[in-house]
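One line per chain: the protein sequences are R and U, in this order. Read in order, the letters of the first sequence correspond to residues 7 to 370 in our numbering. Read in order, the letters of the second sequence correspond to residues 64 to 188 in our numbering. Note that CB positions come from ideal geometry on N, CA and C, so glycine has one too.
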Amino acid sequence: MPTAPLLHSPLHDEHLRHDGRLVDFAGWKMPVQYTGILEEHRAVRSGCGAFDISHMGQVFLSGENAAGWLNGILTGNIPEMGEKTSLYTFMLNENGGIIDDLIAYRLGPDSFLLVVNASMVDEDVTWLQGHLEDGVILEDRSRQFAAIAIQGPKAEDLAREMLGETGCTMPARNTLAYFTGASGTTYLCGTGYTGEPGFEMICPLQDGPQWFNKALQTGAVPCGLGARDSLRLEMGFPLNGSDLSPARSPLTAGLGFFVDLEKGPFIGKEVLLKEKQDGIREKLTGIEMTVKGPPPRPGYALFANNEAAGNLCSAGLSPSLGNGIGLAYLPVALSRIDTALEIDIRGKRFAARVAKKPFYRPPR
Amino acid sequence: MNIPENLKYTASHEWVSIKDGVATIGITDHAQEELSELVYIELPEQGRQVSKGDPVAVIESVKAASDIYAPLSGEIVEPNLELADDPSRVNKDPHGEGWMLRINITDESEVDTLLDAATYKGGIS
Chain R
7 MPTAPLLHSP
17 LHDEHLRHDG
27 RLVDFAGWKM
37 PVQYTGILEE
47 HRAVRSGCGA
57 FDISHMGQVF
67 LSGENAAGWL
77 NGILTGNIPE
87 MGEKTSLYTF
97 MLNENGGIID
107 DLIAYRLGPD
117 SFLLVVNASM
127 VDEDVTWLQG
137 HLEDGVILED
147 RSRQFAAIAI
157 QGPKAEDLAR
167 EMLGETGCTM
177 PARNTLAYFT
187 GASGTTYLCG
197 TGYTGEPGFE
207 MICPLQDGPQ
217 WFNKALQTGA
227 VPCGLGARDS
237 LRLEMGFPLN
247 GSDLSPARSP
257 LTAGLGFFVD
267 LEKGPFIGKE
277 VLLKEKQDGI
287 REKLTGIEMT
297 VKGPPPRPGY
307 ALFANNEAAG
317 NLCSAGLSPS
327 LGNGIGLAYL
337 PVALSRIDTA
347 LEIDIRGKRF
357 AARVAKKPFY
367 RPPR
Chain U
64 MNIPENLKYT
74 ASHEWVSIKD
84 GVATIGITDH
94 AQEELSELVY
104 IELPEQGRQV
114 SKGDPVAVIE
124 SVKAASDIYA
134 PLSGEIVEPN
144 LELADDPSRV
154 NKDPHGEGWM
164 LRINITDESE
174 VDTLLDAATY
184 KGGIS
């Protein structure tokens with residue numbers, strides 16, 4: 007099958023300059039690591055890291071009917087969102103399955119920004135366009151921005167230094183700020199995927215390298231997708247494609263908190279209401295190895311009382327905890343905290359248990 | 064990248080050092096660099112008979128698990144048990160303290176199938 011050439015991030019030259027190890031990811035050539043995943047992971051837990059997230063998609067929606075229309079597409083309560091706030095939410099198919107998990111930012115009364123997964127940009131835009139109504143304007147501006155996540159307990163100090171001349175400081179969690187420079191508007195979002203304080207900066211393409219370098223000069227460690235993955239897994243945050251799928255609902259993914267079943271109609275709602283009434287059969291569950299052993303990996307089989315119980319979705323070694331952690335859809339009866347499990351690794355069984363998420367809690 | 068002249072190599076990135084019929088085996092500097100930080104190593108038991116090409120060990124980085132293959136047939140006479148506690152030895156000193164296992168060779172003729180440093184280098188650059 008012929009494949010499209012991989013896209014280069016606006017920070018590509020920076021990755022080469024800092025010896026980033028580039029891999030294929032969702033159609034992009036992105037750094038999986040610079041100096042090493044463990045080192046980068048620890049830098050974010052103890053100091054501050056800078057991640058290139060330019061591959062993520064930015065879809066803008068505006069118009070007098072934008073809020074009401076989005077409310078029928080996404081699971082969160084969109085009209086209730088305050089201006090300059092963000093909401094983690096889902097776009098569902100007619101069966102209540104997850105097309106994508108995304109963050110919606112309310113820029114103004116009739117103006118929204120959706121930040122979506124890199125692998126899903128085309129599918130999301132096609133879905134949104136297919137349901138578009140009068141009074142709503144959709145602009146896919148995914149290729150017009152660089153994006154950098156600044157994450158870690160020292161992010162706020164770093165932001166002060168980095169952003170000084172813009173007059174902005176680090177936005178509070180789930181809020182949004184922006185400033186406009188010569189090349190356009192830069193959005194500062196109080197969001198992240200690591201569990202640490204921090205922010206995500208979405209800026210005009212040509213400003214990307216300058217901001218990335220400024221972050222590094224003020225003390226951030228360049229971090230790749232490897233650390234991004236291990237950091238989010240320690241928090242129990244799901245990854246679409248690994249832990250979420252069009253065949254699973256947010257309720258079975260244990261993310262009902264981000265679904266407002268009280269609000270008006272939205273795509274998938276009827277199925278979720280029925281699912282809630284009937285009760286879910288399986289649930290995305292946190293699993294922790296209780297013995298020293300090989301790192302758990304996606305796909306490894308799980309057993310409870312010697313019977314097949316499911317397979318790991320996201321899984322790996324937790325650099326902060328030093329043990330194996332993962333997520334798996336388990337029958338609800340087996341999803342209770344401390345339920346004893348075993349993980350089959352190359353034909354050997356290793357003890358594990360159902361664990362509370364997040365697996366790791368950053369000290370505050 | 065360090066490719067010592069005095070060692071033999073395989074295309075699957077193992078190095079071999081032979082002395083008195085016993086082969087010491089590890090992974091090359093190039094391999095450890097590609098795999099990055101190792102977090103787990105599974106070694107074979109002492110006394111196990113292996114044939115050339117058999118998977119004999121598993122090394123795991125944060126991202127992936129990789130098999131190590133026996134470059135020669137024989138009996139495992141010593142796994143490097145120190146690696147279980149500190150897999151990072153392989154990253155720090157792949158040709159020294161990071162050695163992985165020793166095989167008592169049963170078929171000397173197989174030694175000729177191993178690559179010299181120049182050939183190994185040609186294969187990876």
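Check	Outcome
So if I threshold CB-CB distances at 8 Å, which residues from the region 315-338 of chain R count as touching chain U?	Gly322, Leu323, Pro325
Classify R/Val297 as helix, strand or coil using the three-state DSSP reduction.	coil
Identify, in the order they occur along the chain, each residue of the same chain with its Cβ nearer than 7 Å to the Cβ of R/Ala10, setting aside the five sequence neighbours on each side.	Gly33
Pop quiz: R/Ala334 and R/Gly316 are said to be a contact at Cβ under 8 Å. What is the actual Cβ separation, rounded to whole angstroms?	5 Å
Exposed or buried, what is R/Gly143 when buried is set at 16 or more other beta-carbons lying within 10 Å of its beta-carbon?	Correcting the residue type first, residue 143 of chain R is Ile in the shown sequence and not Gly. Classification for R/Ile143: exposed.
I think U/Leu164 touches U/Val79, with their Cβ atoms under 8 Å apart; what is that distance to the nearest whole Å?	Not quite, the Cβ-Cβ distance comes to about 11 Å (not below 8 Å), so this is no contact.
Could you work out which residues of chain U lie near R/Leu44, taking near to mean beta carbons separated by less than 7 Å?	Glu100, Val125
Could you tell me which chain U residues have their CB closer than 7 Å to the CB of R/Gly232, listed as they occur along the chain?	Val125, Lys126
Roughly how many angstroms separate the alpha carbons of R/Leu12 and R/Pro115, rounded to a whole number?	37 Å
Give me the residue from U/Lys184, U/Ile104, U/Ala128, U/Ser114 with the minimum Cα distance to U/Gly161.	U/Ile104
Which one or two residues does DSSP pair with U/Val140 in a beta bridge?	Beta-bridge pairing links U/Val140 to no other residue.
Name the chain U residues whose beta carbon is nearer than 8 Å to that of R/Gln39?	Ser99
Considering Cα atoms alone, identify which of U/Glu68, U/Thr87, U/Gln95 is closest to U/Arg152.	U/Gln95
Can you pull out the residues from the region 302-314 of chain R whose beta carbon lies closer than 8 Å to at least one beta carbon of chain U?	Arg303
Mind checking if R/Ser92 is an interface residue toward chain C, Cβ cutoff 8 Å exclusive?	Of the chains in the structure shown, none is chain C; the protein chains are R and U.
Which bits of chain R does U/Tyr241 rub up against, with CB to CB less than 7 Å?	Residue 241 of chain U lies beyond the stretch modelled for chain U, which goes from 64 to 188, so this question has no answer here.
Measuring CB atoms only, is the region 297-312 of chain R touching the region 256-270 of chain R, in the sense that at least three cross pairs come out at less than 8 Å?	no
Count the other CB atoms within 10 Å of the CB of R/Phe151; is the residue buried (16 or more) or exposed (fewer)?	buried
Below 8 Å CB to CB, which residues in the same chain sit around R/Leu308 once its five sequence neighbours on both sides are set aside?	Ile293, Ala314, Ala315, Gly316, Asn317, Leu318, Ala334, Leu336, Leu347, Glu348, Ile349, Asp350, Ala358
Among the residues of its own chain, which have a CB less than 6 Å from the CB of R/Ile84, if the five just before and after it don't count?	Ala73, Leu76, Asn77
Show which residues of chain U have a CB atom less than 9 Å away from the CB atom of R/Ser236.	Val125
In this structure, does DSSP put R/Pro85 in helix, strand or coil?	coil
What is the DSSP secondary structure of R/Trp217, reduced to helix, strand or coil?	helix
Compare the beta carbon distance of R/Val38 and R/Cys229 with 8 Å and say whether it is the shorter of the two.	no
Nearest-angstrom Cα distance between U/Leu144 and U/Thr182?	31 Å
Measure the alpha-carbon distance for R/Val122 versus R/Glu100 and round it to whole angstroms.	19 Å
Are the CB atoms of U/Glu100 and U/Val125 nearer to each other than 8 Å?	yes
Can you name the residues that DSSP bridges to U/Thr87?	U/Ser80, U/Arg165
Report the three-state DSSP secondary structure of R/Asp284 (helix, strand or coil).	helix
Considering only the alpha carbon of each residue, which of R/Thr186, R/Leu194, R/Thr296 lies closest to R/Gly328?	R/Thr296
Buried or exposed, going by whether 16 or more other CB atoms sit within 10 Å of the CB of U/Thr176?	exposed
Nearest to R/Cys209 by CA position, among R/Asp58, R/Asp106, R/Lys363, R/Ser236, is which residue?	R/Asp58
Note down the Cα distance separating R/Lys298 from R/Ile105, rounded to an integer number of angstroms.	36 Å
In terms of residue numbering, what span does the alpha helix (DSSP H) encompassing R/Gly78 cover?	Looking at the DSSP string, R/Gly78 is not in any alpha helix (DSSP H), and its letter there is neither H nor E.
Please name the residue in R/Lys90, R/Arg149, R/Asp140, R/Phe218 whose C-alpha comes closest to that of R/Asn71.	R/Asp140
Based on the DSSP secondary-structure assignment, which residues constitute the bridge partners of R/Lys35?	R/His14, R/Asp30
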